[in-house]
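Have a look at the structure below before the remarks.
Residue numbers (the numbering used here): 15 to 168.
See below:
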């Protein structure tokens with residue numbers, strides 16, 4: 015049963031597990047963190063899918079190594095991950111994101127991260143996911159905009 019919840023490549027929980035887990039005691043969920051790997055398509059196109067798979071594994075390991083027992087990570091798409099944080103104050107969420115960024119900075123990979131917290135006001139899970147995704151995509155857009163600016167300067 016547990017194996018059906020695990021995504022085999024990265025060893026994190028899968029999309030179906032996210033749906034099930036987010037429905038269990040949703041009142042305990044205080045934050046969602048959305049993450050998307052930068053440049054996976056380029057890695058797959060230039061270095062091959064085995065290199066892309068290794069990038070995803072490394073990305074997932076950087077996340078897994080920073081979680082505590084109140085936090086779970088799910089691969090919900092190709093290079094998209096979500097962390098459910100239960101009974102986690104916003105200050106701990108921000109610290110978790112900082113630690114993940116620090117871990118990623120020691121690799122050749124990067125990612126965009128966004129989050130949504132319910133510290134003062136409870137929000138439905140779908141609203142939290144939308145907000146964390148919007149924040150993540152805004153960061154991703156800035157990342158690619160910065161790359162384009164760097165190319166123009168050359």
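Glycine included, each C-beta is placed from N, C-alpha and C at the ideal position.
These figures come from a predicted structure and were not determined experimentally.
Item: Where the alpha helix (DSSP H) through residue 113 begins and ends; Value: 104 to 119
Item: C-alpha distance - residue 103 paired with residue 92, whole-angstrom precision; Value: 29 Å
Item: Sufficient close CB pairs (3 or more, under 8 Å) joining the segment 141 to 149 to the segment 42 to 54; Value: yes
Item: Residue 33 classed as buried or exposed, judged by whether at least 16 other C-beta atoms fall within 10 angstroms; Value: exposed
Item: Contact belief for residue 36 with residue 98 at Cβ below 8 Å, rounded distance in angstroms; Value: 6 Å
Item: Inter-residue Cα distance where the pair is residue 63 and residue 90; Value: 19 Å
Item: Exposure of residue 25, with buried meaning 16 or more beta-carbon neighbours within 10 Å; Value: exposed
Item: Reduced DSSP secondary structure (H/G/I, E/B, other) of residue 34; Value: helix
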